[in-house]
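Top to bottom, those sequences are chains Z and A. In terms of the numbering used here, the first sequence opens at residue 1 and continues consecutively. In terms of the numbering used here, the second sequence opens at residue 1 and continues consecutively. Following: one structure in structure tokens, then a few remarks.
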Amino acid sequence: MPIPWLLVVLIVPVAGAGVVAVARSRRQANAVAAAVAVSAALAVAGLLQRLLLRGPQSYAGNFLYADDLSGLLLLVVALVGLASLLYSLDYLGRPGGAHELPLPRLRRYYALVFLFLFSMYLVAEANNLGVLWIALEGTTLVSALLVGYYHTRRAQEASWKYLILCSVGLAFALFGTLLLYVAAVHAFGSGNADLNWTRLVASGAELDPGVVRVALVFLFVGYGTKAGLAPLHTWLPDAHSEAPTPVSALLSGALLNCAMYALLRIDAITVRIPDFTWTQWLFLLLGLLSVFLAALFLVVQRDLKRLLAYSSVENMGIIAVGLSFGGAAGIFASLYHLLNHAATKSAMFLIGGHVAVVARTKSLPEIQGALVAAPGTGLLLLFGGLALAGVPPFSMFSSEFLILSAGFARGDSVAAGLLLLGLLVAFGALLWHLSRMLLGDPHQPYDRSARLGVAASLGIGIVLAVALGLGLLLPDPLSQLLHGAARVVSG
Amino acid sequence: MTPLPVQALDIAAAVVLVTAWVSLLHRRIEALVDTYAIQSAAVALTAGLVAYEYRAPDLYLLAGLTVAVNVVALPGLLRRVVRVLGVPRMVNMYASVRESALIGLALLLLSVWVVGPIAPFAEIPSAGLLPIAVAVVLIGFFLLVSRRKAITQVVGLLVMNNGVFLAGIALTYGLGLLVELGLAANLLVLAIVARIFLQRMKESFDHVDADALRALEG
């Protein structure tokens, strides 16, 4: 009997949460965390291999379902999860680590991270759009507790705002999902309709455009809020900057993509309705708005982690604009960018967390001369910063270039031109902040005794290598996965 | 003459709407929670009546879940939070009671005007409930954004959810066992998470005013 990878992927983190809850020492808790990080990644690898060889997988009567698009999200979550758990081992878990937690809080931290990973995997594997919604709300509930994990005033403010705003957004999304169901009942008759994505996408052409339009508005408001698309992104810079560093990496690198994935599933359904362009317009509008707002906030930013958070808003906007260009080329470029951004941003959050420890501050004007004061950390920051700004040969350059070319190739010159303008502003802002952090005279002595640790270095190394490597070459299986995922959406 | 269950259905839906509007008038948090409990009971009754009238057995389950979670568990949890944390009784407002009342009416008119004319809905016998459901969602949203107490924001969110549930009852006759169980479980967890936060806020600020939460900007 073949191994049911779909199920294994979900069981590993849940079992890990159960085991870590009874760990009797820090060493045991850390060992469980390392084991879960690695085995979850292996389980996803097993599933991906099966996907690429045999096509879409399903389990339990189509309740769990994974095609190439799910595979891409699973890959992203597993990759970022692996890096941030490895980083956690040193940052929170190791005695004498930068933010060492006492054992009971460490156990709870790991358990929550595992449940967070579980709910993200469920987002990727849910076939029923109702279950997808439940899993996404689940990610909000678990991650809100993680955002407020340091009980500081600012962290509590951020997590409360995050919990309430995203729950409100998701209430709208649930309403949109209901309306989509109504469209399905209208098209197929009440006995035959369900919320299964495979069913909706197979007969998308029969859905009533009038109802779908109303549904789309609610779905975009709802999932757009959670994906950090402007103008409902206001919770994001707070939550992503106040969370513990490894959680910030998970939020920006993995969770935003889960909400984007929900919109991609919706896009895949509506793209099959003849002459229906609302989805593309909504993507374009929210995307450009996000890119421009974020670019402006990048320029005036004074806090390192908020800088990274606004850059996430910008990149979600870039992905949305790429999706609005549509067609196999535009969607492929967007999905490629989604993967590159996930790797780059999680690397940069992890590096940024270490910079904040070494420089003893997150304040941008106070971090200066890192290259001189702490050369090792400074060099990491240089690499991560260039990768994030999208300098060639880093992967984000390639995917941004592909998105722009897809736009110009389809004749959307105005939209592509505006996107290019926004990209240039953001590029300049990031490089300017980066040069100030790296060069200049250090304001205060750096804490050169702070060590990154082996596990944390490995975590950063993995995602940074992906961020660079995917710009140099796209391995065949990965290219196959991305093209397959793009076909799932474009039809 | 209209059959009895349909009349009862109209009344139950009217109670859902009126309680949403009344929740904008309250100054005391306990009264707000009570109103929410009554509203949830009316939602459950609506579900039961639709289930009976339109032969949608799925909805009996939703009705039961609504009673267990929205009528009993959530208000109980909220009352305990109020008792244990000693939330001051006055509900602080950005908008006065009179303004809130008027805005509530405006939201009802808006939803009738926008949602009424959508054609495919006309085929669904209970679709007349949809404008009410949308109005309840919007009023809940307004309650959430216009009140300062963190706990009032939670109630606003729950009222929004009642509106979404009502829409689900009216339009879909149930979303399937699993989805409904998941929705109910989510609501419960949401309330528990909110409780944990209120506890923490109480510990570090000594009050639970969401208005105090404005250190993060820019």
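All C-beta atoms, glycine included, are put in the ideal place defined by N, C-alpha and C. Small disclaimer: the values here were computed from a predicted structure and weren't measured.
- Taken residue by residue, none of the stretch 34-53 of chain A has a beta-carbon sitting less than 7 Å from a beta-carbon on chain Z.
- When secondary structure is reduced to three states using DSSP, residue 57 of chain Z falls in the strand class.
- Here residue 257 of chain Z carries a helix assignment [DSSP, helix/strand/coil].
- The beta carbons of residue 453 of chain Z and residue 149 of chain Z sit no closer together than 9 Å.
- Annotation: the continuous beta strand (DSSP E) that includes residue 65 of chain Z extends over 64-66.
- Rounded to the nearest angstrom, the gap between the Cα atoms of residue 42 of chain A and residue 61 of chain A is 15 Å.
- Within its own chain, the residues whose Cβ lies closer than 6 Å to the Cβ of residue 98 of chain Z, once the five positions on either side in sequence are excluded, are 91 and 357, listed in chain order.
- In the three-state DSSP reduction, residue 149 of chain A falls in the strand class (E or B).
- Among the residues facing chain Z, residue 176 of chain A is included, as its CB has a counterpart in that chain under 9 Å away.
- Residues of the stretch 146-159 of chain A with a C-beta less than 9 Å from any C-beta of chain Z: 150, 153, 154, 156 and 157, listed in chain order.
- Of all C-beta pairs linking the stretch 209-228 of chain Z to the stretch 106-114 of chain Z, fewer than three are shorter than 8 Å, placing the two stretches out of contact.
- The three-state secondary structure of residue 128 of chain Z, taken from DSSP, is strand.
- Using a 10 angstroms sphere on the CB of residue 7 of chain A, the tally of other CB atoms stays under 16, which defines it as exposed.
- Beta-bridge pairing by DSSP links residue 93 of chain A to A/147.
- In its chain, beyond the 5 residues on either side, 191, 192 and 195 have a beta carbon closer than 8 Å to the beta carbon of residue 77 of chain A.
- A Cβ-Cβ distance of about 5 Å is found for the pair residue 170 of chain Z and residue 137 of chain Z, placing them in contact under the 8 Å criterion.
- The alpha-carbon of residue 468 of chain Z is positioned some 20 Å away from that of residue 438 of chain Z.
- For residue 340 of chain Z, the uninterrupted alpha helix (DSSP H) run begins and ends at 327-359, by DSSP.
- Going by DSSP, residue 161 of chain Z is part of the alpha helix (DSSP H) stretching over 153-188.
- Proximity of residue 204 of chain A to chain Z, defined by a Cβ-Cβ separation below 9 Å, is satisfied.
- Considering only beta carbons, the part of the stretch 187-199 of chain A lying closer than 8 Å to chain Z consists of 189, 190, 193, 194, 196 and 197, in chain order.
- For residue 198 of chain Z, not one C-beta of chain A is nearer than 9 Å to its own C-beta.
- Nearest CB-CB separation between residue 272 of chain Z and chain A: not below the 9 Å threshold.
- Looking from the CA of residue 143 of chain Z, the closest CA among Z/436, Z/64, Z/240 and Z/327 belongs to Z/240.
- DSSP places residue 6 of chain Z in the uninterrupted alpha helix (DSSP H) bounded by 5-20.
- Assignment of residue 23 of chain A by DSSP, reduced to helix, strand and coil, places it in the coil class.
- By the Cβ neighbour-count rule, residue 270 of chain Z is buried, with 16 or more other Cβ atoms within 10 Å of its own.
- Each residue's CA atom was taken as its position, placing residue 187 of chain Z and residue 172 of chain A some 13 Å apart.
- Residue contact with chain A for residue 281 of chain Z: absent (no Cβ-Cβ distance below 9 Å to any residue of chain A).
- For residue 275 of chain Z and residue 133 of chain Z, the gap between their C-alpha atoms comes out near 27 Å.
- The beta carbon of residue 364 of chain Z lies closer than 8 Å to those of 301, 302, 303, 304, 307, 433, 436 and 437 in the same chain, with the five residues before and after it left out.
- Remark: C-beta atoms of residue 67 of chain A and residue 40 of chain A approach each other more closely than 9 Å.
- Restricting attention to Z/332, Z/412, Z/473 and Z/455, the CA atom closest to the CA of residue 393 of chain Z is found in Z/473.
- Interface criterion not met: the Cβ of residue 426 of chain Z is under 9 Å from no Cβ in chain A.
- Scanning chain Z for C-beta atoms nearer than 8 Å to the C-beta of residue 172 of chain A yields 178, 181, 182 and 185, reported in chain order.
- When CB distances to chain Z are screened at a threshold of 7 Å, not a single residue of the stretch 95-108 of chain A falls below it.
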